[in-house]
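Presented below is the structure to which this report refers.
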Amino acid sequence: MGWMQALCKTYDNLAGAFNDAENPLIPVGFTQMQPAYYVALTQEGEVDRITQWPEKERILVPSTEGAEGRTGAFPYPLFDELRYMAGDYAARTGESEAYYQKYMEALQTWCAVPGAPETLRLFCAYLSRGTLARDLQTQFPGLELKKEGKKKICFGVYQPGGAESRLWEQEEVLESWRRYSRALQEAAGGQLCYVTGAHLPAAEGHPKLIGSQKLISSKEDGTLKYLGHFAESAEALSVSSEASAKAHNMIRWLMGRKGVRSYIYGMWLLVWADNGDTPPQPLEDDGDGFEEGEEEIPAPDTAEAYAALVGEAAAGYRNALINPAMNRSRDVYIMSMRGATLGRMSIQYYQECDGNTYIDNLAHWHTSCCWSFWRKGKLQISTPTPKEIATAVYGSATVRIAQQDKKDEKAATKLVRQLYARLMPCIAARKPLPEDILWAAFRNASRPLSFTDDKGEWQTYEWQTAVAVTCALLNNIKSGRENTMALDEARGEREYLFGRLLGIADYIEEQAMRGNGDGARRRQTNAIRYMQRFQQRPAETWLRLQTQLLLPYMNKLPPEKSEYLALRIRQIGDMLGDGLADNAPLGPLFLQGYYSQKQAFYTKKTDNAGGTKE
Numbered sequence: 000m001g002w003m004q005a006l007c008k009t010y011d012n013l014a015g016a017f018n019d020a021e022n023p024l025i026p027v028g029f030t031q032m033q034p035a036y037y038v039a040l041t042q043e044g045e046v047d048r049i050t051q052w053p054e055k056e057r058i059l060v061p062s063t064e065g066a067e068g069r070t071g072a073f074p075y076p077l078f079d080e081l082r083y084m085a086g087d088y089a090a091r092t093g094e095s096e097a098y099y100q101k102y103m104e105a106l107q108t109w110c111a112v113p114g115a116p117e118t119l120r121l122f123c124a125y126l127s128r129g130t131l132a133r134d135l136q137t138q139f140p141g142l143e144l145k146k147e148g149k150k151k152i153c154f155g156v157y158q159p160g161g162a163e164s165r166l167w168e169q170e171e172v173l174e175s176w177r178r179y180s181r182a183l184q185e186a187a188g189g190q191l192c193y194v195t196g197a198h199l200p201a202a203e204g205h206p207k208l209i210g211s212q213k214l215i216s217s218k219e220d221g222t223l224k225y226l227g228h229f230a231e232s233a234e235a236l237s238v239s240s241e242a243s244a245k246a247h248n249m250i251r252w253l254m255g256r257k258g259v260r261s262y263i264y265g266m267w268l269l270v271w272a273d274n275g276d277t278p279p280q281p282l283e284d285d286g287d288g289f290e291e292g293e294e295e296i297p298a299p300d301t302a303e304a305y306a307a308l309v310g311e312a313a314a315g316y317r318n319a320l321i322n323p324a325m326n327r328s329r330d331v332y333i334m335s336m337r338g339a340t341l342g343r344m345s346i347q348y349y350q351e352c353d354g355n356t357y358i359d360n361l362a363h364w365h366t367s368c369c370w371s372f373w374r375k376g377k378l379q380i381s382t383p384t385p386k387e388i389a390t391a392v393y394g395s396a397t398v399r400i401a402q403q404d405k406k407d408e409k410a411a412t413k414l415v416r417q418l419y420a421r422l423m424p425c426i427a428a429r430k431p432l433p434e435d436i437l438w439a440a441f442r443n444a445s446r447p448l449s450f451t452d453d454k455g456e457w458q459t460y461e462w463q464t465a466v467a468v469t470c471a472l473l474n475n476i477k478s479g480r481e482n483t484m485a486l487d488e489a490r491g492e493r494e495y496l497f498g499r500l501l502g503i504a505d506y507i508e509e510q511a512m513r514g515n516g517d518g519a520r521r522r523q524t525n526a527i528r529y530m531q532r533f534q535q536r537p538a539e540t541w542l543r544l545q546t547q548l549l550l551p552y553m554n555k556l557p558p559e560k561s562e563y564l565a566l567r568i569r570q571i572g573d574m575l576g577d578g579l580a581d582n583a584p585l586g587p588l589f590l591q592g593y594y595s596q597k598q599a600f601y602t603k604k605t606d607n608a609g610g611t612k613e
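Here numbering that gives the first Met the number 0 is used: the first residue of the sequence shown is 0, the next is one more, and so on.
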């Protein structure tokens, strides 16, 4: 099933079920319009009053595919802009009269159909006089018509008995339009619709989605691109008017539905179930995340507790997506779009799967890409958000520029948007994480002194988060292998052991400064200052740290703690063996060793004075 079939299927499932005034699921042959003025006509077809229409109060009016996708004079059937509806607009402004002529031609043809309502004909008779612009200026002296030319006008007519009736709400007008529209389509004949597989009237044009941007657009006349392949362009792709209207109306409805759509740095992301339910978003930056429910629960501090929490959340989402009628999970669709050019919108990503598979993929991401993070003032196991990953990869300055880019066109915005697009299949479809993302985060996290604000102040929390993100990304890439978030004292990889050594050195200096009342976070330790060099030349840098920089701080510690930490250093050195002299650069695993060793000191009681919980 393609994206248009998925949208049409969802539309058919929901048609008539959602009548939200602010975000209705629009019927085929209609559209929403925001009028600027309302004109009330008497039973004799004279103007009773003209008032300004409330802002942000949209109305549902008849529409055609030509009007919704127009780039020329294609009028809406009932109401339109002032320049279309006012016969005296052209004479008063010097602009073209083609808009009014096209509009009146279409309206009069509709009114000539047998059974057309009298109120519609009365409305048409008033407009045929060509006095709407004059009447507007009479009601609003000083009105500049040129500035009002693209403002839309709606009408109502007084009924016998004095009741005022709005034309777009009269059932006889709406039913007349439905019959007339069907007759026009039947007269046009049918073609094979590539979406439904049925022979239906083909769409000659397709609606705009945002501004002037279209998802489907073609001006090919068959003389170039299809030469030698097809007799005419319709053989390459033919979409029925009905399928096009359903798909585009469904997209508009999804875009207006909270929980279904996200707008991410110029990219629209839609995630929906075939019954209109809202599955969890894969690229959620706000809120508490996939694993958080509505109830207040303790933050998980072990990998097992976090996996159980994710499992409970996944079970709840699976139950919500069950289709009782079919005793199976509902289908879930994911589609991301963005404006390719001024008049074109492109689909960047599309995925469909059953709800269970989608939830399992999200759960796998959250349990494989996780680490210990500081959240709300405490250390807990969690999964980095896409924003945290982007910050770790590109730095906070780049992400901040992207967030402040209102036009979504700066280089920083494009970088962040591309990263989100690359993360999408990893999260939603369980695709392998590109290793260049991990290495970009690792290179930044290995340069702690680069994490400063505009004033040059070191951003400890931001750097710690970048280290945790790198560890989480490595966990995801290594998922399925032996990998743990807790300190593994039996682990013998060279990179992991060097990371542990640096963690011990960092801890020693922090404890010495605390003992002197200097404050552990007043300045960076030598371990942090030398981290980038340590990653590039570990053996050489460790020798300098151990023999020249670490001894003064060891001497400031209580003897028991100093002896305990010296013992730990010797034990790790013995595990390294000849690797202690290997000066080859270290990879991301070294950060896991560093982080796990530091975390073990501060969160775990051991059997010595040096390991007492701080």
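The beta-carbon is built from N, C-alpha and C at its ideal position, and this holds for glycine as well.
Query	Result
Coarse secondary structure for residue 198, derived from DSSP in three states	strand
Pairwise C-alpha distance: residue 548 and residue 510	14 Å
Length of the line joining the Cα atoms of residue 303 and residue 590	22 Å
Continuous alpha helix (DSSP H) stretch holding residue 141: start and end	It is not in any alpha helix (DSSP H) - residue 141 carries neither H nor E in the DSSP assignment.
Short Cβ contact (8 Å threshold) for residue 278 with residue 239	no
One or two residues paired with residue 343 in a DSSP bridge	213 and 340
Residue 582 burial status per 10 Å Cβ neighbour count (16 or more: buried)	exposed
Residue nearest to residue 64 in terms of C-alpha spacing, selected from 321, 55, 487 and 74	74
Distance, residue 264 Cα to residue 2 Cα	22 Å
Same chain, Cβ closer than 8 Å to residue 19, five either side skipped, listed in chain order	none
Contact check, residue 39 vs residue 87, beta carbons under 8 Å	no
Minimum C-alpha distance to residue 367 - residue among 354, 356 and 381	381
Residue closest to residue 594, alpha-carbon to alpha-carbon, out of 579, 69, 580 and 487	487
Presumed contact (8 Å Cβ cut-off) between residue 89 and residue 96, rounded CB distance	4 Å
N- and C-terminal bounds of the beta strand (DSSP E) containing residue 447	Counting along the chain, residue 447 falls outside any beta strand (DSSP E), and DSSP gives it neither H nor E.
As assigned by DSSP and simplified to three states, the class of residue 27	coil
Rounded separation between residue 468 and residue 166 - CA only	59 Å
Contact set for residue 294: own chain, Cβ-Cβ below 8 Å, skip 5 residues either direction	Low confidence applies to residue 294: its pLDDT is 46, below 50, so where it sits in the model is not reliable, and the reading given next is rough at best. Excluding residues within five positions, none has a Cβ falling inside 8 Å.
Residue 280, DSSP secondary structure in three states	coil
Whole-angstrom distance between residue 484 and residue 365, CA atom to CA atom	14 Å
Chain B within 8 Å of residue 317, Cβ atoms only	Here there is only one protein chain, and chain B is not present.
Residue 51 (DSSP reduced to helix, strand or coil)	strand
Length-filtered (3 minimum) beta strand (DSSP E) runs lying within the region 324-403	330-340, 343-353, 370-374 and 377-381
Straight-line gap, residue 612 to residue 513 (C-alpha atoms, nearest Å)	Only weak support exists for where residue 612 lies, its pLDDT of 40 falling under 50; the value from the coordinates is given anyway. Rounded to the nearest angstrom, the two C-alpha atoms are 14 Å apart.
Beta strand (DSSP E) segment containing residue 271, residue limits	266-272
Per-residue burial, residue 247 [other beta carbons within 10 Å of its own, 16 or more giving buried]	buried
Residue 474 classed as buried or exposed, judged by whether at least 16 other C-beta atoms fall within 10 angstroms	buried
Every unbroken alpha helix (DSSP H) within the region 442-501, with a cutoff of 4 residues, ordered by chain	459-476
According to DSSP, residues forming a beta bridge with residue 260	257 and 269
Supposed close pair residue 9, residue 276 - CB separation, criterion 8 Å	With a Cβ gap of about 10 Å, residue 9 and residue 276 do not count as contacting.
Span of the alpha helix (DSSP H), counted from its first residue to its last, around residue 121	117-127
Local conformation of residue 413 per DSSP, three classes	helix
Range of the contiguous beta strand (DSSP E) that encloses residue 164	163-165
Unbroken alpha helix (DSSP H) run spanning residue 236, endpoints	From DSSP, residue 236 is part of no alpha helix (DSSP H); its letter is neither H nor E.
Outcome for residue 558 when other beta-carbon atoms lying within 10 angstroms are tallied against a minimum of 16	exposed
Per DSSP, cross-strand counterpart(s) of residue 61	29
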